[in-house]
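Numbering (full-length UniProt numbering), first residue to last: 1 to 483. Even glycine gets a Cβ: it sits at the ideal position worked out from N, Cα and C. All remarks here apply to the structure that follows.
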Amino acid sequence: MGNQHSDHRNDDLSYEKSGSPYTSDVAAKWGTCPECKGPNTGWNWCQKCNSNHFMRLFQSWTSNNEIIDEFIRDTQILATTHSHVFEWIPYKKFYQIKYITRGGFGKVYSASWRDGRIMSWDTGQRTWVQQYKPKHKVALKTIYNGMKITREFLSEIQIHSRYDDPSYIANWFGISQDPLSKEYIVVMKYFEHGSIRDYLRNNQINWLQKVKFIRQISFALSTIHGSGYCHRNLHTGNILVDNFPFARISDLGQGHLIDTRDDLVSEKKRIIFGVLPYIAPEVLRGQIYSKPADIYSFGVIICEILSEQPPFNDIAHDYQLAMRICKGDRPQIKQDVPPSIAKLIQLCWHSESNKRPAAERLVGILENALENDWKIPPELKDNDLKIADEIKEFLKSHGKDKLADFKLNVKDQNNNNHPEAIYISRDLDFPELSKEMDSYELTKYLTNMNIPLDIKMHPEITTAEYVKYFADINDNNKSNEIE
Numbered sequence: 001m002g003n004q005h006s007d008h009r010n011d012d013l014s015y016e017k018s019g020s021p022y023t024s025d026v027a028a029k030w031g032t033c034p035e036c037k038g039p040n041t042g043w044n045w046c047q048k049c050n051s052n053h054f055m056r057l058f059q060s061w062t063s064n065n066e067i068i069d070e071f072i073r074d075t076q077i078l079a080t081t082h083s084h085v086f087e088w089i090p091y092k093k094f095y096q097i098k099y100i101t102r103g104g105f106g107k108v109y110s111a112s113w114r115d116g117r118i119m120s121w122d123t124g125q126r127t128w129v130q131q132y133k134p135k136h137k138v139a140l141k142t143i144y145n146g147m148k149i150t151r152e153f154l155s156e157i158q159i160h161s162r163y164d165d166p167s168y169i170a171n172w173f174g175i176s177q178d179p180l181s182k183e184y185i186v187v188m189k190y191f192e193h194g195s196i197r198d199y200l201r202n203n204q205i206n207w208l209q210k211v212k213f214i215r216q217i218s219f220a221l222s223t224i225h226g227s228g229y230c231h232r233n234l235h236t237g238n239i240l241v242d243n244f245p246f247a248r249i250s251d252l253g254q255g256h257l258i259d260t261r262d263d264l265v266s267e268k269k270r271i272i273f274g275v276l277p278y279i280a281p282e283v284l285r286g287q288i289y290s291k292p293a294d295i296y297s298f299g300v301i302i303c304e305i306l307s308e309q310p311p312f313n314d315i316a317h318d319y320q321l322a323m324r325i326c327k328g329d330r331p332q333i334k335q336d337v338p339p340s341i342a343k344l345i346q347l348c349w350h351s352e353s354n355k356r357p358a359a360e361r362l363v364g365i366l367e368n369a370l371e372n373d374w375k376i377p378p379e380l381k382d383n384d385l386k387i388a389d390e391i392k393e394f395l396k397s398h399g400k401d402k403l404a405d406f407k408l409n410v411k412d413q414n415n416n417n418h419p420e421a422i423y424i425s426r427d428l429d430f431p432e433l434s435k436e437m438d439s440y441e442l443t444k445y446l447t448n449m450n451i452p453l454d455i456k457m458h459p460e461i462t463t464a465e466y467v468k469y470f471a472d473i474n475d476n477n478k479s480n481e482i483e
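Structural data, given as structure tokens:
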């Protein structure tokens, strides 16, 4: 296995060119490698030497899946710091494995990892130094056997290790496999506080902390979008909270797993998968998922963080709710939410996807609101700065305030939810929704234009074509009136 990767041996690394400014700058930051005497590429890390150490071990392990093997090898060869490394972690390295919950893609367990992640190379002992801690706790997320791990999925989940802090993206360490079920497992950092939904149930937090959470999520989303990806299943269940507390986005790449599911591939079928209240109306109507659809989800998340109440928790999450969302219904924004943040929410969940702000623009607004030293992006508008100033003024006077009606009793909060309000990712198959919405919009348009509703429609002409046709007639009539 090792020979096929000899072309990765860093021949093109600029730091090998002696005397270059790059060499001295990196050496000043990270120090010098004790093996090759060149500059380290990260803390206690030399990419040139460590890639060779990894390659010598390639013959000693396999996942029995060539796509996974190739992915792990590449991350190890190209890693410029320890956090960029994905590892193949034998299942026997885990102990005290405890079931936590079932998600849309598999089961979730907590476990202790005997060795911990690779941190650096010990030149004296000629072995890896690992982040061993007594009971080094991790989360194990299984991937159902009916879903195929693809290069696209692995490329996207690499974001979980590619960016150093502060990226506000959850750290993933590697991949393993259950020896009995043969299900592959993603190994990631364990978050004691759970999801941000759990954190909101169990902690009373002030407005300032809520805005900080929102800013952190926007930053992570900006990083994901800037890398050319969209999340495709963003909701408060896969935003995790660490001990600082920082909010971190997790579970990238899930859309690729759904696309490979055996039942969908065999039937050549495409479905919507996710948590209904967070899904953008255009996605519900069959459009391809996009970055603006993530922004819609983010708007619902902001509303939930501020209100401390899950969206549409008092009604069933069914076809009727999907129709209501497509017709413009949104979760209720509580009265004590400041108007400036309410504007931000409404921008994010705008019915027209092209009118939603980009993630980078949202970061700019929130960074300015929190008075952080942040370069104002060129796309930031005067109105955005006005929103930022209004949030800033609100936080000065109310930043330490908390919701008056907060209840710490998680059981009571859960009992307030409708029995069919479902906040776990699942199949959402609404084949008639798009057609019904077309009919609704055409009826609405004809009514506004005072056109008789009993007009006969040709079955092969789309709603958009009819709307354009009647709009052209209306424009011609107006032109004749002017003449």
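Can you give me the C-alpha to C-alpha distance between Ala-358 and Pro-292, rounded to a whole angstrom? Within the sequence shown, the letter at position 358 stands for residue 358. Within the sequence shown, the letter at position 292 stands for residue 292. Here the alpha carbon of Ala-358 sits roughly 7 Å from the alpha carbon of Pro-292.
Note down, one range per segment and in chain order, each beta strand (DSSP E) of at least 3 residues found wholly within the region 200-265. Fully enclosed beta strand (DSSP E) runs of 3 or longer: 239-241 and 247-249.
Per DSSP, which residues does Lys-381 bridge with? Please list them. One-based indexing of the sequence shown puts residue 381 at position 381. Answer by DSSP bridge pairing: none, since Lys-381 is not bridged.
Give the DSSP-derived three-state secondary structure of Leu-403 in the structure shown. Counting from one through the sequence shown, the residue named residue 403 turns up at place 403. Leu-403 sits in coil when the DSSP states are folded into three classes, being neither helix nor strand.
Starting from the C-beta of Ile-302, find all residues in its chain whose C-beta is less than 8 Å away, skip the five residues before and the five after it, and write them out in chain order. Counted from its first residue, the sequence shown places residue 302 at position 302. Counting only Cβ-Cβ distances below 8 Å, and skipping sequence neighbours, we find Ile-214, Ile-341, Leu-344, Ile-345 and Cys-348.
DSSP puts His-136 in a beta bridge; with which residues? Counting from 1 along the sequence shown, the entry for residue 136 is found at position 136. Bridge partners of His-136: Trp-113.
Does DSSP put Glu-87 in a helix, in a strand, or in coil? Within the sequence shown, the letter at position 87 stands for residue 87. DSSP places Glu-87 within a strand segment (E or B) once states are collapsed to three.
Count the other C-beta atoms from every protein chain shown that fall within 10 angstroms of the C-beta of Gln-320, then say buried if there are 16 or more, exposed otherwise. For the purposes of this step, residue 320 is taken as residue 320 along the sequence shown, with counting starting at 1. Taking all protein chains shown into account, Gln-320 has fewer than 16 neighbouring C-beta atoms within 10 Å of its C-beta and is therefore exposed.
In the region 139-203, which residue ranges form an unbroken alpha helix (DSSP H) of at least 4 residues, counting only runs that do not cross its ends? The region 139-203 contains these whole alpha helix (DSSP H) runs: 151-157, 159-162 and 196-202.
Leaving out the 5 sequence neighbours to the left and right, which residues in its chain are closer than 7 Å to His-136 when beta-carbon positions are compared? Within the sequence shown, numbered from 1, the residue matching residue 136 stands at position 136. Setting aside the 5 residues that flank it on each side, His-136 is surrounded in the same chain by Ser-112, Trp-113 and Gly-116, each with a C-beta closer than 7 Å to its C-beta; the list follows chain order.
What is the C-beta distance between Tyr-296 and Ala-280, in whole angstroms, given that I count them as a contact (C-beta under 8 Å)? Here residue 296 corresponds to residue number 296 of the sequence shown, with the count starting at 1. Here residue 280 corresponds to residue number 280 of the sequence shown, with the count starting at 1. Correct: roughly 4 Å between the Cβ atoms.
Compute the Euclidean distance between the alpha carbons of Gly-399 and Val-337, then round it to the nearest angstrom. Here residue 399 refers to the residue found at position 399 when the sequence shown is read from its first residue. Here residue 337 refers to the residue found at position 337 when the sequence shown is read from its first residue. Cα-Cα distance, rounded: 12 Å.
Which of the three DSSP states is assigned to Gly-286 in this structure? Within the sequence shown, the letter at position 286 stands for residue 286. Residue state, collapsed to three classes: coil.
Report, in whole angstroms, the separation of the C-beta atoms of Ile-196 and Val-241, which I expect to be a contact under 8 Å. Within the sequence shown, the letter at position 196 stands for residue 196. Within the sequence shown, the letter at position 241 stands for residue 241. Indeed they touch by this definition, with Cβ atoms about 5 Å apart.
Hey, how far is the Cα of Asn-202 from the Cα of Val-138? For the purposes of this step, residue 202 is identified with residue 202 of the sequence shown, where counting begins at 1. For the purposes of this step, residue 138 is identified with residue 138 of the sequence shown, where counting begins at 1. Rounded to the nearest whole angstrom, the C-alpha separation of Asn-202 and Val-138 is 22 Å.
For Ile-325, which three-state DSSP category applies? Your numbering for residue 325 matches position 325 in the sequence shown. Looking at Ile-325 - three-state DSSP - the assignment turns out to be helix.
With a 10 Å radius around its C-beta and 16 neighbouring C-beta atoms as the bar for buried, classify Ile-391 as buried or exposed. Within the sequence shown, numbered from 1, the residue matching residue 391 stands at position 391. Classification of Ile-391: buried, given that the 10 Å Cβ count is 16 or more.
Neighbourhood of Phe-181 by C-beta distance below 8 Å, restricted to the same chain and skipping five residues each side: For the purposes of this step, residue 181 is taken as residue 181 along the sequence shown, with counting starting at 1. First, the amino acid is wrong: residue 181 is Ser here, not Phe. Around Ser-181: Thr-142 and Asn-145.
So, using beta-carbon positions, are Ser-218 and Val-363 closer together than 7 Å? One-based indexing of the sequence shown puts residue 218 at position 218. One-based indexing of the sequence shown puts residue 363 at position 363. The beta carbons of Ser-218 and Val-363 sit closer together than 7 Å.
Can you tell me whether DSSP reads Ile-118 as helix, strand or coil? Position 118 of the sequence shown, counted from the start, is the residue given in the question as residue 118. The three-state secondary structure of Ile-118, taken from DSSP, is strand.
Measuring straight from C-alpha to C-alpha, what distance separates Pro-179 and Glu-360? On the sequence shown, residue 179 is found 179 positions in, with the first residue counted as 1. On the sequence shown, residue 360 is found 360 positions in, with the first residue counted as 1. The straight-line gap from Cα to Cα measures roughly 43 Å.
Please state the DSSP three-state secondary structure of Lys-48. Here residue 48 refers to the residue found at position 48 of the sequence shown. The answer is helix: DSSP assigns Lys-48 an H, G or I state.
Span of the beta strand (DSSP E) around Tyr-99: Here residue 99 refers to the residue found at position 99 of the sequence shown. Residues 94-102.
Looking at the strands, I want to know which residues DSSP matches up with Asp-427. Counted from its first residue, the sequence shown places residue 427 at position 427. The beta-bridge partner set that DSSP reports for Asp-427 consists of Phe-273.
Pairwise C-alpha distance: Lys-327 and Lys-444: Numbered from its first residue, the sequence shown carries residue 444 at position 444. Numbered from its first residue, the sequence shown carries residue 327 at position 327. About 11 Å.
Per the DSSP calculation, Pro-39 is bridged to which residue(s)? Walking along the sequence shown from the start, residue 39 turns up at place 39. Beta-bridge pairing links Pro-39 to Thr-32.
Whole-angstrom distance between Gly-253 and Glu-152, CA atom to CA atom: As a position in the sequence shown, residue 152 is number 152, starting the count at 1. As a position in the sequence shown, residue 253 is number 253, starting the count at 1. It is roughly 8 Å from the alpha-carbon of Glu-152 to the alpha-carbon of Gly-253.
Sorted by chain position, which residues of the same chain lie with C-beta nearer than 8 Å to Thr-32's C-beta, five sequence neighbours on each side aside? As a first step, residue 32 is located in the sequence shown; it is residue number 32 there, counting from the start. Excluding positions up to five away in sequence, the list reads Gly-38, Pro-39 and Asn-40.
Can you find the residues in the same chain that come closer than 6 Å, C-beta to C-beta, to Lys-402, ignoring five residues on each side of it along the sequence? Counting from 1 along the sequence shown, the entry for residue 402 is found at position 402. Excluding its 5 nearest sequence neighbours in each direction, Lys-402 has C-beta neighbours in its own chain below 6 Å: Gln-204 and Asn-206, listed in chain order.
Three or more beta-carbon pairs under 8 Å between the region 228-237 and the region 75-83, yes or no? Fewer than three Cβ pairs drawn from the region 228-237 and the region 75-83 lie within less than 8 Å of each other, which leaves the two stretches out of contact.
Counting Cβ pairs, one atom from each stretch, are 3 or more of them under 8 Å apart for the region 47-65 and the region 94-109? The answer is no - the region 94-109 does not touch the region 47-65, with fewer than three Cβ pairs under 8 Å.
Three-state secondary structure (DSSP) at Lys-334? Sequence index remark: in the sequence shown, residue 334 carries index 334 (1-based). Under the three-state reduction of DSSP, Lys-334 is assigned to coil, being neither helix nor strand.
Which residue marks the beginning of the beta strand (DSSP E) containing Gln-130, and which one marks its end? For the purposes of this step, residue 130 is identified with residue 130 of the sequence shown, where counting begins at 1. Note, Gln-130: beta strand (DSSP E), 127-130.
What separation, rounded to the nearest whole angstrom, lies between the Cα atoms of Lys-411 and Lys-48? Position 411 of the sequence shown, counted from the first residue, corresponds to residue 411. Position 48 of the sequence shown, counted from the first residue, corresponds to residue 48. Confidence in Lys-411 is poor, its pLDDT being 44 and thus under 50, which makes the residue's placement too unreliable to answer from.
Span of the alpha helix (DSSP H), counted from its first residue to its last, around Ala-79: As a position in the sequence shown, residue 79 is number 79, starting the count at 1. That residue, Ala-79, is in no alpha helix (DSSP H); it is neither H nor E in DSSP.
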